[in-house]
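Numbering (my numbering), first residue to last: 52 to 836.
The following block contains the structure:
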């Protein structure tokens with residue numbers, strides 16, 4: 052067996068391996084505990100006697116995660132993607148790399164390159180959207196930025212990890228063309244850009260676990276793409292020692308399979324020790340490439356918190372999307388607000404929701420609340436706050452819960468098994484919608500209510516989680532379980548919101564709105580790792596809250612703190628909708644600036660917002676999602692997101708690429724210039740309004756009807772932007788790469804030109820086409836008129 056290492060590795064990796072004991076080599080292929088407690092998501096001890104330092108890893112999609120310790124919280128990746136700005140994405144990655152160095156981390160686990168396949172996904176906020184070209188461009192820029200700082204990027208999850216529901220066991224059945232055209236382009240791009248590592252997925256792909264899937268990890272990744280880095284498993288995604296023979300190099304979080312069992316397999320001759328050497332060489336090769344084996348060590352790097360805050364503000368402003376503003380109520384008029392005041396409603400205004408939860412959760416060093424920032428602008432007396440709905444709820448009375456329980460504490464301990472802390476009966480006397488919530492501080496907790504899915508709270512899941520349920524009169528078994536961490540007790544609080552309390556809260560919010568010039572309603576969703584959304588609507592009674600406030604005040608604006616699309620049954624009743632996503636530690640300041648027009652919104656959607664759950668590519672077929680009998684079938688094929696809506700003539704709530712501005716733009720003078728197998732698309736953008744603004748223009752390419760294969764009616768082929776003063780125009784150009792004109796031929800297993808006449812469309816969204824022209828593509832790939 053030949054052990055390959057990166058050609059540019061400056062250290063003799065083979066000599067190092069030859070000097071290692073079997074135990075030392077084994078220590079590289081599985082995680083361990085960090086004695087200094089600095090490795091947040093993985094630790095390899097190194098071999099000090101050979102000059103090999105420890106290797107520390109942490110999560111990094113939206114900031115350098117330090118668990119409960121603070122660091123810079125950047126806006127969620129979905130917000131970054133909505134800026135359609137590759138240069139901004141590179142700076143986002145560069146800052147992540149710099150901050151990782153300052154926190155003594157060597158590997159940043161991320162970004163997440165899976166395509167947003169369906170709207171329920173608990174980690175949709177970690178994604179870059181539903182279009183593979185955009186995911187590829189933004190993801191590659193972030194990876195390049197991270198690695199420019201000497202930190203190894205570890206993009207994830209390879210491959211087809213498109214849901215959290217049953218993610219540890221589900222087998223994804225997907226045809227090769229869909230994989231090649233939708234899910235894999237971003238992974239291939241980052242490999243070609245020099246990513247040092249990849250993380251495997253927890254799911255299976257076409258019958259084989261992702262982390263021991265030889266067709267993916269060996270045939271495709273290494274033989275075809277030439278990947279020279281190492282593949283690490285997702286947590287608990289390894290199923291036997293044979294994984295190391297099938298392309299996996301490192302098991303996390305421990306050595307359940309690649310520790311003592313691997314040593315035993317080598318001793319018995321079932322696995323060749325050279326296979327272990329190969330995995331170690333891949334890891335050491337990247338450590339050498341990134342300077343981690345330099346005897347002088349790395350120079351100390353200081354954090355730049357101010358630069359981080361400035362970047363967080365810039366991304367939050369650029370990635371927020373103005374979805375709806377039919378009467379021009381936005382931007383808000385300060386003079387009018389000073390006459391009757393502003394009603395601010397919703398818990399997210401007083402407790403900022405800066406991030407989604409799970410391994411992407413970053414605890415910011417400092418953050419303002421939207422309520423505080425608004426009061427600083429307008430004055431305390433002009434801003435009236437009402438919670439509208441309290442997600443943590445009030446104490447459950449003894450008459451409704453036996454034995455009674457309000458709060459308690461589970462001692463710290465090393466246990467990895469849930470402690471069934473409380474069991475009782477919840478009695479419902481009045482039918483209606485209830486919210487049952489648990490708050491967990493210092494550890495993890497879960498609620499199990501008879502007949503309903505479990506919910507989790509605490510640590511990386513967010514302190515408070517709840518279930519909103521339509522309950523009939525009766526008695527329900529309720530169980531609280533807790534999992535403390537070794538150094539902390541977990542403190543639990545249980546609460547509920549009854550239908551009566553909800554009505555009172557909503558009525559108080561509507562009354563405050565009725566007496567104000569305008570009302571801002573801050574609403575949120577609860578996206579989290581490990582669980583998908585049970586439904587697309589806003590949690591709890593937030594839809595009812597928005598409706599009641601809008602009925603009380605026609606100048607009601609909704610601010611969405613969401614990580615994915617939500618239906619809006621109240622859209623026609625409200626005056627405006629601004630989606631700020633999970634905006635990071637400067638989210639309050641960014642939201643304020645956008646609402647009042649200090650900054651002109653320019654973000655555009657990177658995911659389609661369906662009208663409701665019945666109008667998505669996975670609706671009506673449980674085998675597509677969430678799966679059946681441990682299997683999910685991607686039978687929608689290429690038709691993900693806007694491609695599905697276009698194919699079926701289904702008008703979404705808001706289309707891919709949609710985003711409004713406080714000014715207007717015109718598109719003029721389309722010109723196509725062929726350049727061999729590529730096409731230059733030039734056109735003029737003109738600011739026809741009264742404010743300066745940035746317009747993101749998108750270029751779509753139509754199907755090749757002569758190809759004889761199914762294709763999307765249109766697919767994003769490029770994008771550009773222009774910042775323009777009122778009346779100013781700019782000539783812009785987008786180059787369509789040769790791959791845009793190709794499709795994956797499953798018969799020949801090769802990229803094939805979609806020859807014939809193709810339509811080029813230029814517009815402000817996938818549904819707002821302004822300019823159109825045709826080109827002729829030859830079977831050779833040459834583009835001409």
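No residue lacks a Cβ here, since even glycine has one placed at the ideal position from N, Cα and C. As the structure is a prediction and not an experimental result, all values here were calculated from the model.
Through-space distance from residue j to residue i, alpha-carbon basis
i           : j           : result
residue 185 : residue 449 : 54 Å
residue 391 : residue 651 : 25 Å
residue 291 : residue 306 : 11 Å
residue 627 : residue 569 : 11 Å
residue 762 : residue 685 : 16 Å
residue 678 : residue 540 : 37 Å
residue 116 : residue 107 : 12 Å
residue 317 : residue 272 : 26 Å
residue 819 : residue 767 : 13 Å
residue 832 : residue 241 : 25 Å
residue 64  : residue 336 : 6 Å
residue 739 : residue 811 : 24 Å
residue 55  : residue 821 : Because the pLDDT of residue 55 is 48, which lies under 50, any placement of that residue in the model is unreliable, and the question is left without a value.
residue 53  : residue 361 : Any answer about residue 53 is weak, because its pLDDT of 42 lies below 50 and its placement is not dependable; what the coordinates show is given next. Taking the straight line joining both Cα atoms gives about 48 Å.
residue 596 : residue 741 : 35 Å
residue 805 : residue 421 : 50 Å
residue 437 : residue 552 : 14 Å
residue 560 : residue 610 : 15 Å
residue 682 : residue 223 : 6 Å
residue 675 : residue 388 : 49 Å
residue 443 : residue 371 : 27 Å
residue 624 : residue 579 : 30 Å
residue 191 : residue 67  : 32 Å
residue 687 : residue 294 : 30 Å
residue 280 : residue 80  : 13 Å
residue 780 : residue 139 : 23 Å
Endpoints, beta strand (DSSP E) assigned at residue i
i           : result
residue 238 : First-last for residue 238: 236 to 243, but that is the alpha helix (DSSP H), not the beta strand (DSSP E).
residue 375 : 372 to 375
residue 731 : 729 to 738
residue 799 : Counting along the chain, residue 799 falls outside any beta strand (DSSP E), and DSSP gives it neither H nor E.
residue 315 : First-last for residue 315: 311 to 318, but that is the alpha helix (DSSP H), not the beta strand (DSSP E).
residue 821 : 819 to 828
Residue i vs residue j beta-carbon contact at 8 Å
i           : j           : result
residue 613 : residue 181 : no
residue 663 : residue 587 : yes
residue 260 : residue 164 : no
residue 690 : residue 656 : no
residue 633 : residue 204 : no
residue 399 : residue 143 : no
residue 765 : residue 817 : yes
residue 366 : residue 126 : yes
residue 373 : residue 710 : yes
residue 208 : residue 285 : yes
residue 431 : residue 356 : no
residue 786 : residue 731 : yes
Cβ-Cβ separation, residue j to residue i (assumed contact under 8 Å), whole Å
i           : j           : result
residue 183 : residue 236 : 5 Å
residue 287 : residue 219 : 7 Å
residue 517 : residue 487 : 6 Å
residue 251 : residue 77  : Actually they do not touch by this definition, with Cβ atoms about 19 Å apart.
residue 736 : residue 783 : 6 Å
Residue interval of the alpha helix (DSSP H) (run including residue i)
i           : result
residue 200 : From DSSP, residue 200 is part of no alpha helix (DSSP H); its letter is neither H nor E.
residue 338 : 324 to 340
residue 557 : 550 to 565
residue 695 : 693 to 699
residue 424 : 421 to 429
residue 401 : 398 to 401
residue 142 : 137 to 153
residue 68  : 64 to 69
Reference residue i; option with closest CA among the options
i           : options       : result
residue 601 : 629, 565, 591 : 565
residue 153 : 349, 221, 394 : 349
residue 69  : 95, 101, 816  : 101
residue 201 : 223, 234, 158 : 158
residue 801 : 793, 730, 483 : 793
residue 567 : 603, 210, 577 : 603
residue 304 : 715, 289, 426 : 289
Below-8 Å beta-carbon distance, residue i vs any chain D residue
i           : result
residue 790 : Any reference to chain D falls outside this structure, which holds one protein chain only.
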